[in-house]
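Have a look at the structure below before the remarks.
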Amino acid sequence: MAHKLEPVSSTAGEPADDAGQAAFDRIIAADSRIEPRDWMPAAYRKTLVRQISQHAHSEIVGMQPEANWISRAPSLKRKAILMAKVQDEAGHGLYLYSAAETLGTPRQQLTEDLIAGKARYSSIFNYPTRSWADVGAIGWLVDGAAICNQVPLCRASYGPYGRAMVRICKEESFHQRQGFEILLELAQGTPEQKQMAQDAVNRWYAPALMMFGPPDDDSPNSKQSMAWNIKRFSNDELRQRFVGMMVEQVEVLGLTLPDDQVRFDEESQKWEHGPLDWDEFKEVLAGRGPCNAQRLERRREAHEDGAWVREAAAAYALRQRNAQEQNEEVA
Ligand code: BYC
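Residues 153 to 483 (the numbering used here) are what the sequence shown spells out, left to right.
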């Protein structure tokens, strides 16, 4: 008989199970890891599917603003680097969809939710990339924010998510350096190039700060996610930490942050920044950002264009499985 992988049930161990709950509580209290076949509360599973799938969608939609510049990158070297980076993002999406699948939610369903406009992805990818310097600003600020947010997620209590994040963070650190290096080269170039770099930083700074999510007092999910050791720090804590990192790095670039209220508060030992436009954030989340419609339309087209690849891969997998079963029967 052929060995078949058993699908992980989305309701494995649920509903309520006192022994399962006690074991789950012990694992969380010991700061250890929950694995796919462990019992877990339905709300924990739901929160993880929500966060991991949003994260996966962000990686996939996030390919678009940068891919937009592959054909216009200023040299063959820059083109090759950018192509590799965009491919890395596709890989990140795949690790994350796989992690979400271990919770019993098929990738097909997640993709359908995305293209139907029912799923969230990071607000940041609804802004346009107007110049080559924007590719640098995305690498430096957006990947920088992603690293700041994602390094603590390597310790997330759900094993497949934490392990996926380890690999993703390693690749993100290269991405950030390539963005920094693009900006550095522009900042040390002609006055026009330097201005282009500054203009990109000016436009991407606030949206990058908003990537960390709403302020803590307006973040309904943080408290429970922190109690479950999914999130390790609050949205504001990570945002403040990120601002501190950027303050140091922007000096090396010879550029400035478009925020004259950035300062280190000695009393709280935290970085403070100027106000952010949370109405704009809400508009973007509601689907009314500068590029929401375009991003979703492109994602839909790509999904339709890729139908033949999925069909071919499924037919190939079926043929392989049949051949393996026949071999096992003969043996
Ligand atoms: N954009 O209670 P909160 C990348 C939603 S990919 C959109 O604080 P939570 C890259 C939030 O989902 C970067 N929505 O939520 C890729 C919630 O809505 P629902 C992606 C946002 O989950 C390619 C509501 O607002 N990174 O770096 O505790 C190229 C209330 O928020 C956003 C991740 O996904 C946002 N910015 O905290 C280059 C990291 N912020 O679901 C780079 C993993 C909040 O209740 N995710 N919302 O309807 C997380 O760490 C957390 O989910 C968040 C939000 C910090 C984002």
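Glycine is no exception: its CB is placed at the ideal position from the N, C-alpha and C atoms. Bear in mind that the values here come from a model prediction, so they are computed numbers and not experimental data.
Under the three-state DSSP convention, the category residue i falls into
i      : result
LYS375 : helix
PHE385 : coil
PHE364 : coil
GLU187 : coil
GLU424 : strand
THR163 : With a pLDDT of 47 at THR163, under the threshold of 50, the modelled position of that residue is not reliable, and no figure is offered here.
GLN476 : helix
ASP351 : helix
ARG319 : helix
ASP429 : coil
GLN440 : The residue you asked about is not Gln; residue 440 is Arg in the sequence shown. In the structure shown, ARG440 sits in coil (DSSP, three-state: anything other than H, G, I, E or B).
ASP177 : helix
LYS156 : Any reading at LYS156 needs caution, since the residue's pLDDT is 38, under 50, leaving its predicted position unreliable; the model's value is listed next. Coil, per DSSP.
ASP369 : helix
ASP412 : coil
ASP170 : helix
GLN340 : coil
Contact test: residue i Cβ vs the ligand BYC heavy atom, cutoff 8 Å
i      : result
ARG272 : yes
LYS422 : no
GLU218 : yes
LYS383 : yes
ASP295 : yes
GLU333 : no
THR324 : One detail in the question is off: residue 324 reads as Glu in this sequence, not Thr. Result yes, Cβ under 8 Å from the ligand BYC.
ILE180 : no
GLY406 : no
GLN203 : yes
GLN350 : no
GLU241 : yes
HIS207 : yes
GLU477 : no
GLU211 : yes
SER371 : yes
MET398 : no
HIS327 : yes
SER250 : no
MET362 : yes
MET235 : no
ALA465 : no
GLY365 : yes
ALA316 : no
Own chain partners of residue i with C-beta closer than 7 Å, once the 5 adjacent residues on each side are dropped
i      : result
ASP183 : ASN381
LEU338 : ALA285, GLY288, GLN345, LYS346, MET348 and ALA349
CYS306 : GLY314, MET317, VAL318 and CYS321
SER377 : THR199 and LYS383
Own chain partners of residue i with C-beta closer than 8 Å, once the 5 adjacent residues on each side are dropped
i      : result
VAL414 : VAL395, VAL399, TRP423, GLU424, HIS425 and GLY426
GLU275 : It is Ser, not Glu, that sits at residue 275 in the sequence shown. PRO359, MET362, MET363, PHE433, VAL436, LEU437 and GLY441.
PHE176 : ILE186, ASP190, TRP191, MET192, PRO193 and TYR196
GLY243 : GLU323
MET153 : Bear in mind that the predicted position of MET153 carries a pLDDT of just 34, short of 50, making it unreliable; the figure below should be weighed with that in mind. Answer for MET153: GLU480, listed in chain order.
ILE290 : PRO217, GLU218, THR281, GLY331 and TRP356
Sequence-distant residues of the same chain with beta carbon closer than 6 Å to residue i, five excluded per side
i      : result
ILE204 : LEU248, ALA251, ALA252 and TYR313
VAL402 : LEU409
ILE233 : GLN330
ARG471 : none
PHE416 : TRP423
Whole-angstrom C-beta distance between residue j and residue i, which should lie under 8 Å
i      : j      : result
GLY439 : GLY269 : 7 Å
TYR279 : PRO359 : 5 Å
ASP351 : ASP368 : Incorrect: roughly 31 Å between the Cβ atoms, too far for contact.
ARG451 : VAL213 : 6 Å
CYS300 : LEU428 : Not a contact, Cβ separation roughly 16 Å.
Threshold first: 4 residues or longer. Then list the alpha helix (DSSP H) segments lying entirely within the segment 271–297, N to C.
284–289
May I have a chain-ordered list of the alpha helix (DSSP H) segments no shorter than 4 residues that lie completely inside the segment 203–242?
215–219
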